[in-house]
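Numbering (this note's numbering), first residue to last: 40 to 306.
Glycine included, C-beta positions come from ideal geometry on N, C-alpha and C.
This report concerns only the one structure given below.
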Ligand code: F6R
């Protein structure tokens, strides 16, 4: 794992964006796995800036989002479809036909087929090159809540009350947060070639420490990332504050060879 502690969320997001830009310059058909929530907002802003000011071309990129609330239409202001359009898709030259988000309107009987189809679409695209992740305060990735199978595939999940509360700010009434979601599974996420996890703020410190340094356990789903060969954590000092090997991670970063640095290589 690579733990990249940056001075603030903006610099951490810019570093992740530079690595994504580098991947797209090298492979214009890059397949991105995308996350929603407050965490990736600065990353999307920086990717939009790179598109606008430096001509980063998304026309051949394909995207797959992690999850969607069941019961919300794509036009619902709290749906992840709406989130992606407003915060990213509308501002870059992504072909809408190359963007994929699980449907929130799928009927109960067709959920398994819909999830299987989502997995097939990812496979047909050649798999995900870079998966962007946030992390829940309980250690969830995607909407794989604690106790999720560490080999799970795309499926319906029930949110914990804690996650519903964490996400309630996006809804008019906290009771409006759906109980169910469709989410990529942990096994699905782990098949991505690279994983970029972003985490900012004190509220994420316990989850980040468990993910990077705790035992691998379904009780903290992000801990499975220890088994991934290319997992990179882009975090701020507050999210890093409970890591016990912080000094070593900073030492590694300070001694990173120039040829390995995305901030230089992407320019
Ligand atoms: C979002 C997702 C979630 C969030 C997590 C953190 O698509 O899958 O795992 O990344 O809940 O949310 P924020 O960033 O709002 O703290």
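Bounding residues of the alpha helix (DSSP H) (the contiguous stretch that carries residue i)
i	result
residue 4	The question about residue 4 has no answer here: the residues shown for the chain are numbered 40 through 306.
residue 61	48-65
residue 152	150-163
residue 122	119-126
residue 247	244-252
residue 238	Taken as a continuous stretch (DSSP letters only), residue 238 belongs to no alpha helix (DSSP H), being part of the beta strand (DSSP E) at 233-238.
residue 271	Element bounds for residue 271: not the alpha helix (DSSP H) but the beta strand (DSSP E), 270-274.
residue 87	80-93
Cα-Cα separation between residue i and residue j, rounded to whole angstroms
i	j	result
residue 75	residue 156	21 angstroms
residue 164	residue 98	15 angstroms
residue 152	residue 260	25 angstroms
residue 213	residue 146	24 angstroms
residue 115	residue 293	44 angstroms
residue 228	residue 211	31 angstroms
residue 244	residue 281	6 angstroms
residue 217	residue 88	33 angstroms
residue 226	residue 61	26 angstroms
residue 125	residue 134	15 angstroms
residue 79	residue 73	9 angstroms
residue 252	residue 175	16 angstroms
residue 91	residue 132	10 angstroms
residue 215	residue 59	35 angstroms
residue 249	residue 149	36 angstroms
residue 43	residue 285	10 angstroms
residue 143	residue 111	5 angstroms
residue 233	residue 69	12 angstroms
Best match in the options for proximity to residue i [C-alpha to C-alpha]
i	options	result
residue 267	204, 278, 219, 190	190
residue 167	231, 63, 284	231
residue 47	162, 277, 285	277
residue 21	95, 52, 187	The structure shown does not extend to residue 21, since the chain is modelled only from 40 to 306, so the question has no answer here.
residue 71	273, 54, 104	104
residue 160	289, 172, 140, 202	140
residue 50	192, 63, 83, 258	83
residue 289	301, 256, 275	275
residue 301	57, 43, 41, 40	57
residue 262	109, 172, 68, 220	172
residue 192	224, 202, 67	224
residue 179	64, 111, 297, 255	255
residue 154	221, 169, 132	221
residue 130	109, 233, 94	94
residue 205	110, 242, 271	242
residue 240	273, 233, 257	273
Range of the contiguous beta strand (DSSP E) that encloses residue i
i	result
residue 72	70-73
residue 107	106-108
residue 222	219-222
Reduced DSSP category for residue i - H, G, I as helix; E, B as strand; rest coil
i	result
residue 206	coil
residue 194	strand
residue 174	coil
residue 261	helix
residue 43	strand
residue 227	helix
residue 300	coil
residue 139	strand
residue 113	coil
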